[in-house]
Structures are given as C-alpha cells and as structure tokens.
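Shown next, in structure tokens, is the structure this report addresses.
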Amino acid sequence: MKQLTKAEEDIMQILWQLKKANVKSVIEQIPEPKPAYNTVSTIVRILESKGFVGYEKQGKGHVYFPVVEKQDYSNQTINKLVDNYFQGSFKSMVSFFVKKNDMSIKDLESVLKEINKKDA
C-alpha cells in the first residue's frame, strides 16, 4: 500500500467519514480557507490512481468512495512508524510516549487492556 501525502490523507479522512461524495461535498467539509475545486479534483484523481478511491458516474459528474478501509491504512501507517522510528518495537514506541509524558497512566492502562483483550 502506498503512503499518502498530507493533502491526500486529509481528503481520505473526509471520504472515510462521508462514505461517498462528489468533489463539491468534499470541499464543503474542508475548513477555511478552502482550496480550489480543481485542486481537490486533482487530489481525488491521484487517490484513484493510487488505488485508494473508486468512483461511480452520476449525471455529468462522479461520486467518489474509499476503496481502502481506514483501519487497513491506519495499521499500515502505524507499522511503518514503528519500523522506521522504533526498530520495529511497539514496546519502544510506548516507552517513548511514556517518557515524554505524552501518555498518562490512564492511557497506558487502556493500552494494556487492549493488549490483554487481544491475547485472550
């Protein structure tokens, strides 16, 4: 699965939320200042060429929908982060966040509960 640019990921977040949308509907979800129609249209076509988005013809336009599930992309992105910055160790990643005080004890307990569910 290919990595997405920030702009592509922003558009995918909107498409994952809306499920199906034309370019105009996507633009409506983007905060001000809104990009030009052609800019968003180009990004959507790039997403289509990367295999992230499909479309249905609707009248003179297209309705776009995600082909890649958000969970699948999230898993791939997290795994790449762990591999690139933490030598493939989730333990090192969690330790990093705990040491940087970006993770509370409550958050850590929540992560441990999720891990224990997976092992059960």
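Numbering of the sequence shown is given in the numbering used here, commencing with residue -8 and proceeding in unit increments.
Idealized CB from N, CA, C, for every residue including glycine.
Fair warning: this is a prediction, and the values are worked out from it, not measured in the lab.
If we call anything under 8 Å between Cβ atoms a contact, is residue i one with residue j?
i     : j     : result
Ile5  : Gln20 : yes
Val14 : Tyr28 : yes
Tyr46 : Val54 : yes
Glu0  : Ile37 : no
Can you give me the Cβ contacts of residue i inside the same chain, cut-off strictly under 8 Å, excluding the 5 residues immediately before and after it?
i     : result
Lys10 : Phe56 and Pro57
Val17 : Ile2, Ile5, Leu6, Leu9, Val31, Val35 and Tyr55
Asp63 : Met(-8)
Pro26 : Ile18
Under the three-state reduction of DSSP, which class applies to residue i: helix, strand or coil?
i     : result
Gln49 : strand
Val58 : coil
Counting along the chain, where does the alpha helix (DSSP H) carrying residue i start and finish?
i       : result
Thr33   : Tyr28 to Ser40
Ala(-2) : Lys(-3) to Leu9
What does a CB cutoff of less than 7 Å around residue i pick up in its chain, not counting 5 residues either side in sequence?
i     : result
Phe88 : Met94
Kindly list the residues whose CB is nearer than 6 Å to the CB of residue i, restricted to its own chain and excluding five residues on each side of it in sequence; keep chain order.
i     : result
Lys41 : Lys(-7)
Entirely enclosed alpha helix (DSSP H) segments - the stretch 80 to 111, minimum 4 residues:
Fully enclosed alpha helix (DSSP H) runs of 4 or longer: 81 to 90 and 96 to 110.
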